[in-house]
Amino acid sequence: MPSIKSKHLIRIQDLTNDEIYAVLENAATFKEINERPIKKLPTLRGRTIINLFLEPSTRTRSSFELAEKRLSADSLNFSASSSATVKGESLLDTAETFDAMKVDMVVARHKYGGYCNILADHMDAKIVNGGDGIHQHPTQTLLDLFTIYEHFGRIEGLTVGIVGDIYHSRVAGSLAPALASLGATPIFIAPPAYQPDVPEELGAQVAYTLDEVLPELDVVNLLRIQGERAQGLYVPSLREYSALYGMNSHRMNNLMKKDAIILHPGPMNRGVEVTAEVIADPRMLVLDQVNAGVAVRMAVMYMMLGGDGDVE
Amino acid sequence: MPDTVKASLMNEQDVSRSLMRISHEILEANGGAEGLAIVGIVTRGDIIAHQVAENIQKIEGSAVPVGTLDISLYRDDVATKISPVLHRTDLPFNVDDTTVVLVDDVLFTGRTIRAALDAIMDYGRPNAIQLAVLVDRGHRELPIRADYVGKNVPSSYGEKVMVRLKPVDEVTDVRIIAADPTESDAAGDALPPEIDAITGE
Amino acid sequence: MSNKTEQVTDAMVTGSGMVTLIRGARLVDPQLNLDAIGDVLIAADGLIEEVDIVEDGGSRISAPDGACVIDGTGKILIPGPIDLHVHLREPGQEYKETILTGTRAAAHGGWVGVCAIPNTEPVADEGATIRNVLDRAAETAYVPVYPYGAITRGQAGKQLAEISDMLDAGAVGFTDDGHGVQNPLMMRRAMEYAKVFDALILAHAEDEQLADGGVVNEGRVATRLGLPGQTGLAESLQVIRDIELARLTGARLHICHVSTKESVAAIRAAKAAGVRVTAEATPHHLVLNENALSYDYDTRLKMAPPLRSEADRKALVAGLVDGTIDAIATDHAPHAKQEKELEFELAKFGTTGLETAIPVLLTDLVATGQVDLPCLVERLSAGPRRVLGLESVLLQPGCVADLTLIDPEATVTVTEDWLVGKSKNSAFIGRELRGAATDVFVEGVRVMADGVVCD
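Chains as they are written, first to last, in the numbering used here: chain A, 71 to 382; chain B, 291 to 491; chain C, 499 to 953.
Structure follows, in structure tokens:
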């Protein structure tokens with residue numbers, strides 16, 4: 071039995087619930103390894119992984135890169151500036167070029183939804199979606215789930231608020247269906263312009279204000295607001311957004327459950343989604359998420375690149 | 291395929307006596323328990339490791355640290371097969387300047403021990419690593435030799451040497467399972483997974 | 499064969515010089531309330547000489563000496579369809595399609611004429627460009643080409659194009675298709691100016707600000723696939739705007755590729771109120787909805803307007819049946835492979851349609867009972883001529899022999915090889931369809947014979 075049946079990880083739905091839990095269990099082991107003085111494992115020696123990042127990304131790419139290095143895979147970065155795509159090379163040429171190089175896995179990030187599917191159609195390599203447009207970001211979802219699971223010891227039955235620009239968020243695009251599938255209740259908290267066309271398609275409920283649902287939330291996941299999108303057309307100003315949807319000490323101390331946790335995919339806009347007091351609070355687990363990111367990505371690569379056979 | 295038990299090699303008392311002898315040998319070879327740490331390889335080596343540590347405590351009156359090691363991530367065959375679920379590695383002591391006694395149930399090709407040596411080295415620089423096994427069945431593929439052996443068991447390559455240990459198994463014993471004449475290298479497929487997990491390396 | 503090509507070219511002016519007898523076909527002409535088995539004799543001058551209804555007990559027409567006799571048994575003969583909406587891409591984008599390849603695809607699909615959209619390079623926005631298209635058509639085309647001119651220079655929406663000059667050159671209508679005319683004042687002025695000549699204004703209705711870069715219909719599928727959605731209102735609001743401008747100015751307005759139920763309702767109401775508005779729908783909007791899109795992100799299904807909901811599709815079919823939709827037009831939009839094998843959001847909009855239209859419509863609309871055959875024929879043949887103000891083609895003596903013979907039992911598998919057009923970006927690739935044109939006559943000249951275009 072292979073530990074992940076799907077060849078690729080493009081949508082979070084490529085994983086069964088059991089597989090998601092297996093990733094989380096294995097990630098716990100990798101998290102311990104990441105605490106060791108020597109963080110290197112020989113596990114994926116000789117495997118080649120390409121990080122194809124056609125959209126600027128520091129955090130996700132670094133996290134994948136560390137995961138690859140710690141598992142001893144040979145990895146290569148193609149970022150937007152070094153990629154031929156910006157010179158007019160088509161996606162198919164890119165796919166076929168890397169395919170000819172016989173790589174084992176491609177971690178792909180692009181600003182257009184569906185990019186990974188096209189790579190998968192034209193390559194032998196296994197594809198891991200590092201974020202495609204406004205579609206999905208499954209490894210971010212796994213690290214969010216890991217952080218939630220580690221804290222609560224369960225996912226089922228929890229109510230998770232996802233706050234902010236849901237429409238443009240691949241984070242929400244994969245987290246909400248995963249939570250729904252695992253028996254949690256995702257709620258999209260945003261004004262209508264920030265809501266997706268059909269929230270229930272992603273398994274989510276809808277709230278227009280944070281304060282009306284905050285007391286019910288076990289997890290408050292604050293999405294990053296893109297400044298250029300926030301101002302004028304979607305919400306009047308960052309100031310008004312922050313007043314309505316920002317997490318501040320008043321909300322945290324008076325409205326939020328005492329044992330709720332706060333997540334953020336990063337990078338945070340201090341003073342917009344979240345205030346400095348909230349960031350300093352122990353319930354704000356953004357660094358735990360970053361830490362979990364390397365571990366879940368190690369788990370995913372181990373489980374996807376390991377052979378189909380079972381160890382006897 | 292029904293398991294064909296070719297021979298029963300050790301019963302619970304035999305295992306117990308062997309481990310007691312090994313415990314004495316470890317203490318004798320190292321001049322006591324000072325600076326020792328016992329590390330068992332999951333999933334049966336760790337049970338043996340705890341038994342050995344307990345014996346040492348009885349004999350010497352002092353506790354030795356015990357750790358467990360999952361070598362899945364150090365295997366040389368990850369490309370073809372993996373452990374779907376990893377176990378925790380737990381070394382609750384500083385490996386540096388310690389004499390580590392690595393413990394496993396069956397010594398076969400030596401590949402598991404090779405992986406375990408790498409794994410321990412990633413935690414630090416021990417003074418020495420010694421190897422204790424309940425059963426040495428031969429067929430080494432790497433230059434690895436055990437310092438302490440419960441029982442040497444001549445076996446043919448295709449046979450399985452099965453160790454069952456309480457409390458993860460119902461009984462404690464060691465048996466040889468005959469090779470399946472119809473399948474040479476996939477004979478383990480029909481075995482229950484908990485037994486499957488311990489027979490090879 | 500080269501001598502046949504010459505024949506065709508001559509025929510545009512003078513007829514084939516050949517006498518053709520089609521025997522025993524089912525003659526369907528809703529304009530005459532005709533649906534009966536009969537024989538049709540086409541004279542050397544390219545006109546229908548005699549129509550004899552066998553069921554009426556009339557005697558069979560005997561074949562004149564040297565006549566080409568075609569057995570029409572089991573087939574359907576209709577007044578030839580005209581496609582109001584074809585991107586022939588010449589001049590400027592000959593790598594996608596040319597007047598030759600596009601009209602060849604039209605003949606293969608059973609059309610006897612096509613209207614050419616002016617979003618070429620350069621844009622057909624003056625008489626000289628229109629003349630150039632007509633000259634190239636005279637040299638290379640398999641079926642007649644009716645060119646449209648642009649409403650605004652360069653289709654840039656800033657300055658009216660020289661509509662009178664283009665009318666003189668032979669333009670049959672004016673459109674900025676590819677974009678909507680975004681500025682309502684510009685559209686008002688265009689209609690007012692067109693009224694001087696009673697010229698036809700064709701609206702590509704799409705409010706680009708409201709569309710907001712959406713590439714698929716706003717809704718469940720957009721959310722599922724993580725693609726930016728486009729509200730149907732981006733179309734409907736501009737349809738309503740243009741209808742009101744047509745009401746205000748009295749201009750002749752035609753709405754291209756209607757895709758929403760709101761647009762259908764607005765057009766229906768406007769027609770009832772006497773506004774001079776006509777409308778077309780594409781085969782793909784009539785038979786497909788947004789659920790055709792799936793995780794394979796097939797860019798062949800990316801078109802403007804996008805495939806809409808099933809409710810929208812049903813409203814289009816209802817509009818087709820009740821006459822709100824006057825014509826079926828393909829919006830044949832050929833694109834090269836490299837323009838389609840891209841990220842969904844980057845790929846060009848459009849599907850080809852000339853060759854698949856009749857098979858798709860027969861299979862998915864007629865065979866499924868949604869539309870009856872005479873209605874389909876009306877919307878393919880009479881409707882477009884009415885929109886353009888062209889003379890009717892009737893299955894009766896004296897009419898020009900622009901005719902299409904359809905085999906309703908022919909099976910077609912849509913493959914890149916089966917498509918003769920230059921580009922293969924068909925939304926229907928892989929479909930197995932039943933019913934296809936086998937023979938096409940343009941002014942009596944057989945431009946397709948037994949399913950094979952006569953080269």
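Built from N, CA and C at the ideal position, the CB exists for glycine as well.
Member of the options whose CA lies at the smallest distance from the CA of residue i
i, options, result
"Pro-262/A", "Pro-247/A, His-238/A, Leu-284/A, Ala-248/A", "His-238/A"
"Asn-87/A", "Lys-172/A, Leu-114/A, Pro-247/A, Arg-131/A", "Pro-247/A"
"Thr-650/C", "Ser-560/C, Leu-700/C, Ser-807/C, Ala-816/C", "Leu-700/C"
"Gly-231/A", "Tyr-91/A, Leu-249/A, Thr-130/A, Tyr-219/A", "Leu-249/A"
"Gly-671/C", "Cys-754/C, Trp-609/C, Arg-587/C", "Cys-754/C"
"Gln-868/C", "Ala-899/C, Arg-811/C, Gly-608/C", "Arg-811/C"
"Gly-928/C", "Glu-843/C, Ala-934/C, Val-910/C, Lys-800/C", "Val-910/C"
"Gln-210/A", "Arg-81/A, Met-373/A, Val-348/A", "Arg-81/A"
"Arg-750/C", "Val-762/C, Ser-761/C, Lys-769/C", "Lys-769/C"
"Pro-285/A", "Arg-294/A, Ile-257/A, Glu-270/A, Ala-362/A", "Ile-257/A"
"Leu-878/C", "Thr-913/C, Ala-935/C, Lys-835/C", "Ala-935/C"
Anticipated Cβ contact below 8 Å, residue i with residue j, distance rounded
i, j, result
"Glu-624/C", "Met-664/C", "7 Å"
"Val-978/C", "Asp-829/C", "Here chain C covers residues 499 to 953 and nothing more, so residue 978/C does not appear."
"Ala-669/C", "Gly-652/C", "Rounded, the Cβ-Cβ distance is 16 Å, inconsistent with contact."
"Met-84/A", "Arg-117/A", "Checking the sequence, you will find Asp at residue 84/A rather than Met. Not confirmed; about 20 Å, so no contact."
"Val-458/B", "Arg-427/B", "Rounded, the Cβ-Cβ distance is 20 Å, inconsistent with contact."
"Ile-119/A", "Met-171/A", "So it is not a contact: roughly 12 Å between Cβ atoms."
"Ile-546/C", "Cys-897/C", "5 Å"
"Thr-849/C", "Arg-798/C", "6 Å"
"Thr-601/C", "Val-567/C", "Thr-601/C to Val-567/C, Cβ: 27 Å. No contact."
"Val-177/A", "Val-198/A", "5 Å"
Burial state of residue i (16 or more Cβ within 10 Å)
i, result
"Arg-558/C", "exposed"
"Thr-217/A", "buried"
"Val-943/C", "buried"
"Gln-303/B", "exposed"
"Ile-108/A", "exposed"
"Leu-333/A", "buried"
"Glu-343/A", "buried"
"Gly-227/A", "exposed"
"His-180/A", "buried"
"Val-295/B", "exposed"
"Val-461/B", "exposed"
"Phe-695/C", "exposed"
"Lys-922/C", "buried"
"Ala-523/C", "buried"
"His-583/C", "buried"
"Lys-110/A", "exposed"
Beta carbon proximity, residue i to chain D, threshold 8 Å
i, result
"Gln-653/C", "In the structure shown, chain D cannot be found, because the protein chains are A, B and C."
Q) Which residues, in order along the segment 197-221 of chain A, keep a beta-carbon less than 9 Å from a beta-carbon of chain B? A) Hits within the stretch: zero.
Q. When Cβ atoms are compared, which residues of the segment 108-120 of chain A fall closer than 9 Å to chain B?
A. Residues of the segment 108-120 of chain A that bring their beta carbon within less than 9 Å of a beta carbon in chain B comprise Ile-108, Lys-109, Lys-110, Leu-111, Pro-112, Thr-113, Leu-114, Arg-115, Gly-116, Arg-117, in sequence order.
Q | beta strand (DSSP E) runs wholly inside the segment 753-827 of chain C, at least 3 long, in chain order | A | Fully enclosed beta strand (DSSP E) runs of 3 or longer: 775-779.
Q | Residues of the segment 709-727 of chain C with Cβ closer than 8 Å to any Cβ of chain A, in chain order | A | Correct list: Glu-716, Gly-717, Arg-718, Ala-720, Thr-721, Arg-722, Leu-723, Gly-724, Leu-725, Pro-726, Gly-727.
Q.
Restricting to runs no shorter than 3 residues, where is the beta strand (DSSP E) found entirely within the segment 389-468 of chain B?
A. Counting only runs of 3 or more residues that sit fully inside the segment 389-468 of chain B, the beta strand (DSSP E) segments are 389-397, 418-426, 438-442, 450-454, 463-467, in chain order.
Q. Residues in the segment 352-374 of chain B with C-beta within 9 Å of chain A's C-beta atoms, listed in sequence order?
A. Answer set for the segment 352-374 of chain B: Asp-360, Ser-362, Leu-363, Tyr-364, Arg-365, Asp-366, Asp-367, Val-368, Ala-369, Thr-370, Lys-371, Ile-372, Ser-373, Pro-374.
Q | In chain order, each beta strand (DSSP E) run of at least 3 residues that lies wholly inside the segment 593-654 of chain C | A | Qualifying beta strand (DSSP E) stretches, in chain order: 611-614, 643-647.
Q | Residues of the segment 158-178 of chain A with Cβ closer than 8 Å to any Cβ of chain C, in chain order | A | Contact annotation: in the segment 158-178 of chain A, residues whose CB is within less than 8 Å of a CB in chain C are Ser-160, Leu-161, Leu-162.
Q | Ranges of the beta strand (DSSP E) found wholly within the segment 247-286 of chain A, counting only runs of at least 3 | A | Within the segment 247-286 of chain A, the complete beta strand (DSSP E) runs of at least 3 residues are 255-259, 275-277.
Q. Counting only runs that start and end within the segment 301-363 of chain B, where is the beta strand (DSSP E) found for 3 or more residues in a row?
A. Within the segment 301-363 of chain B, the complete beta strand (DSSP E) runs of at least 3 residues are 326-331, 356-359.
Q | Cβ-based contacts, 9 Å cut-off: residues of the segment 876-895 of chain C near chain A | A | Of all residues in the segment 876-895 of chain C, none comes within less than 9 Å of chain A when Cβ atoms are compared.
Q: May I ask you to list, following chain order, the residues of the segment 403-434 of chain B that have a beta carbon less than 7 Å from some beta carbon of chain A?
A: Per Cβ criterion, the list reads Asp-408, Asp-412, Tyr-413.
Q: Would you list, in chain order, the members of the segment 246-268 of chain A that have their beta-carbon closer than 9 Å to a beta-carbon of chain C?
A: Look at the segment 246-268 of chain A: the residues with a C-beta under 9 Å from a C-beta of chain C are Pro-266, Asp-267, Val-268.
Q. Which residues, in chain order, does the segment 83-99 of chain A contribute to contact with chain B at a C-beta distance below 8 Å?
A. For the segment 83-99 of chain A, which is checked against every Cβ of chain B, the residues closer than 8 Å are Ala-92, Glu-95, Asn-96, Ala-98, Thr-99.
**Q.** Completely contained alpha helix (DSSP H) runs for the segment 99-161 of chain A, where each covers 4 or more residues
**A.** Taking only runs of at least 4 residues, the alpha helix (DSSP H) segments lying wholly in the segment 99-161 of chain A are 129-140.
Q: Give the residues from the segment 361-377 of chain A that approach chain C closer than 8 Å (Cβ to any Cβ), ordered along the chain.
A: Against chain C - using a Cβ distance shorter than 8 Å - the segment 361-377 of chain A contributes no residues.
Q. Quick one, which residues of the segment 779-797 of chain C are near chain A if we go by CB-CB under 8 Å, in chain order?
A. Here the close residues are Tyr-793, Asp-794, Tyr-795.
Q. Got a sec: which bits of the segment 832-851 of chain C sit with their beta carbon under 7 Å from any beta carbon on chain A, in order along the chain?
A. Taking 7 Å as the Cβ-Cβ cut-off, the segment 832-851 of chain C approaches chain A at Gln-836, Glu-839, Leu-840, Glu-841, Phe-842, Glu-843, Leu-844, given in chain order.
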